[in-house]
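Beneath this line is the structure, given in structure tokens, with notes to follow.
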């Protein structure tokens, strides 16, 4: 065969195990995998000797803040950071930009801003908010693979911002999304509980990190998960729960699966690597919603990962200008979002494989295969196999390093992982066969990413 590129001598993580293989790439697609590929004359050879070759991560949960707030992140810096972390595709959330992606017109505006500005491949979530029920089917027709709704207040300012759903909008929206086979993702926290506890904390002058955590207890997550699962049972709507922070919520979702509901759940590296002690120590750079939990809760969440009860890992990269973290009058007033997209795959390999002994196949499933399958990409992305896009992360599992601020490619260079020693390092990332990140040197391709769904 004739190849454009051959990746040689890597330890390749395939669906059935890890094998030392060559990968032949033609027209951006994996054409052949063999112990030794012959006939590669004219192909560009990338020697992966001593490196792990993973399927590129698909980060299904990032906020790049376009349109209107690209100065918070934007497609160029956000996607470059993803590429540096071994991520080859992402789904951008409908909020934190203005207008939010709740109409086909807003979708087309966002798509126009992403064109020729993304390092890796991309897609866009649509939103379910009060007043846009009639827009759901048109959004699906226009190219969104799934929808996102908030059960608690998503925060933010400005006219037209993304708003949380009331119970009727949630129930009716799920009926409509079910009618065309769509998928709804939920930020599951009960707003009545969190708002009342936050108000009480403010009145009492309790405004620290632990006070914030106490104002968003696990019961708020559980109530929202239970209500949503009931609505899913009644409507037949496919559900996905984002950034689940508690083992009890994971168990509710697992029970619903056993009953036959089409439901999945994700968690994030920050819930697996950080605790409320870290949130207090680090300050608002580690603030998120739901909040970081106790060490015991973290251990239970890892047990759920090991048991296969978590479906996928996503970063929930939610950046902001550093001043919104450092200059807030209280922990409650600081922007609630963690910048972490550049580190997700490395952290899961470091903590999950090197420290805890999880299999490489399990991590590949959580970061690539399962996200691809859940969001309709399972026939072309998410695994290393013939006929799939040549989306690869080459990782040096013998190169621990301490993450420094200057290594971050985000527009605003803050992260709770700064100063952390990570047990491995991404050496190169290929998106459809093109090197979009190479440690220590310039990549072959910069604005290489394409939309994974046609925007109409």
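Residue numbers (my numbering): 553 to 1008. For each residue, glycine too, the CB sits at the ideal point set by N, CA and C. A quick note: this is a predicted structure, and the numbers were derived from the prediction, not measured.
Requested in this report: Kindly give me the distance between the Cβ atoms of residue 619 and residue 713, rounded to whole angstroms, as I take these residues to be in contact under 8 Å.
Outcome: At roughly 13 Å, the Cβ-Cβ gap does not stay under 8 Å, so residue 619 and residue 713 are not in contact.
Report task. Could you check what DSSP says for residue 664 in three-state terms: helix, strand or coil? Result -> Note: residue 664 maps to helix in three-state DSSP.
Query raised in the report: Can you list, in chain order, the residues of its chain whose CB lies under 7 Å from that of residue 826, leaving out five sequence neighbours each side?
Result: Only 838, 844, 968 meet the Cβ criterion.
Query - Where residue 811 falls, given that 16 or more other Cβ within 10 Å makes a residue buried - result: When all chains shown are included, residue 811 counts as exposed.
Query raised in the report: According to DSSP, what are the bridge partners of residue 986?
Result: For residue 986, which the question treats as bridged, DSSP gives the partners 983.
Query raised in the report: Within 10 angstroms of its Cβ, does residue 553 collect 16 or more other Cβ (buried), or is it exposed?
Result: Classification of residue 553: exposed, given that the 10 Å Cβ count is below 16.
Query - Bridge partner(s) assigned by DSSP for residue 605 - result: Beta-bridge pairing by DSSP links residue 605 to 564, 946.
Query raised in the report: Since residue 597 is in the beta strand (DSSP E), which residue starts that stretch and which ends it?
Result: Residue 597 -> beta strand (DSSP E) spans 596 to 599.
Query - Which listed residue (626, 583, 627, 639) has its alpha carbon closest to that of residue 923 - result: It is 639 whose Cα lies nearest to the Cα of residue 923.
Report task. Quick one: which unbroken alpha helix (DSSP H) runs of 4-plus residues sit fully inside the region 612 to 694? Chain order, please. Result -> Within the region 612 to 694, the runs of alpha helix (DSSP H) at least 4 residues long that lie entirely inside it are, in chain order, 627 to 636, 656 to 666, 688 to 694.
Query raised in the report: Which value, in whole angstroms, describes the spacing of the CA atoms of residue 567 and residue 612?
Result: Going from the Cα of residue 567 to the Cα of residue 612 covers about 20 Å.
Query - Between the CA atoms of residue 944 and residue 985 - distance to the nearest angstrom - result: Going by C-alpha positions, residue 985 is about 8 Å away from residue 944.
Query raised in the report: With residue 946 and residue 980 assumed to form a contact (beta carbons below 8 Å), what rounded beta-carbon distance in angstroms separates them?
Result: With 8 Å as the limit, residue 946 and residue 980 qualify as a contact, their Cβ atoms being about 4 Å apart.
Query raised in the report: Nearest to residue 742 by CA position, among 766, 736, 704, is which residue?
Result: Check the Cα spacing between residue 742 and each of 766, 736, 704: the tightest is with 704.
Report task. Let me know if residue 539 comes out buried or exposed under the rule of 16 or more other beta-carbons within 10 Å of its beta-carbon. Result -> Nothing can be reported for residue 539, as the shown portion of the chain is limited to 553 through 1008.
Query raised in the report: Between 565, 891, 591, which lies nearest to residue 556 when the distance is taken from Cα to Cα?
Result: Comparing Cα-Cα distances from residue 556 to each of 565, 891, 591, the minimum goes to 591.
Query raised in the report: What residues in its chain sit with their C-beta under 7 Å from that of residue 932, if we drop five residues either side in the sequence?
Result: 940, 941.
Query raised in the report: For residue 767 versus residue 750, is the C-beta spacing smaller than 8 Å?
Result: In this structure, residue 767 lies near residue 750, with their beta-carbon atoms less than 8 Å apart.
Query - C-beta atoms of residue 522 and residue 897 nearer than 8 Å - result: The chain is shown from 553 up to 1008; residue 522 falls before or after that span and cannot be answered.
Query - Segments of 3+ residues assigned as beta strand (DSSP E) that fall wholly inside the region 887 to 960 - result: Fully enclosed beta strand (DSSP E) runs of 3 or longer: 944 to 948.
**Report entry** Whole alpha helix (DSSP H) elements within the region 823 to 885, 4-residue minimum
**Finding:** Whole alpha helix (DSSP H) segments, 4+ residues: 828 to 834, 847 to 858, 875 to 878.
Query - Paired residues, beta bridge with residue 584 - DSSP - result: Residue pairing by DSSP puts residue 584 in a beta bridge opposite 576.
Query raised in the report: Between which two residues does the beta strand (DSSP E) harbouring residue 790 extend?
Result: From DSSP, the beta strand (DSSP E) with residue 790 extends over 790 to 793.
Query - Per-residue DSSP class, three states only, for residue 557 - result: Note: residue 557 maps to strand in three-state DSSP.
Query raised in the report: If you draw a straight line from the alpha carbon of residue 565 to that of residue 744, how long is it in whole angstroms?
Result: Between the alpha carbons of residue 565 and residue 744 lies a distance of about 45 Å.
Query - residue 706 in three-state terms, based on DSSP - result: Reduced to three states, the DSSP call for residue 706 is coil.
Report task. Report, in whole angstroms, the separation of the C-beta atoms of residue 815 and residue 774, which I expect to be a contact under 8 Å. Result -> So it is not a contact: roughly 15 Å between Cβ atoms.
Query raised in the report: Using a Cβ-Cβ cut-off of 7 Å (strictly less than) and excluding sequence neighbours within five positions of residue 904, which residues of its own chain qualify?
Result: For residue 904, where only same-chain residues beyond five positions count, the Cβ hits under 7 Å are 910, 915.
Query raised in the report: In chain order, what residues of the same chain have a beta carbon less than 7 Å from the beta carbon of residue 800, not counting five sequence neighbours either side?
Result: Only 770, 774 meet the Cβ criterion.
Query - Beta carbon of residue 1001 nearer than 8 Å to that of residue 983 - result: Taking 8 Å as the cut-off, the Cβ atoms of residue 1001 and residue 983 count as close.
Requested in this report: Going by CA-CA distance only, name the one from 671, 647, 809, 876 that's closest to residue 700.
Outcome: Nearest to residue 700 by C-alpha distance, out of 671, 647, 809, 876, is 647.
Query raised in the report: Are the beta-carbon atoms belonging to residue 667 and residue 988 less than 8 Å from one another?
Result: At least 8 Å separates the beta-carbon of residue 667 from that of residue 988.
Query raised in the report: Just to confirm, are residue 600 and residue 570 a CB contact at a threshold of 8 Å?
Result: No, Cβ-Cβ distance for residue 600 and residue 570 is not below 8 Å.
Report task. On a CA-only basis, which of 818, 840, 875, 873 is nearest residue 853? Give me that one, please. Result -> For the options 818, 840, 875, 873, the alpha carbon positioned closest to that of residue 853 is the one of 818.
**Report entry** residue 956 burial status per 10 Å Cβ neighbour count (16 or more: buried)
**Finding:** Label assigned to residue 956: exposed.
Report task. Indicate whether the contact test is met: 3 or more Cβ pairs, each with one atom in the region 579 to 595 and one in the region 619 to 633, closer than 8 Å. Result -> They do not touch, by the three-pair rule.
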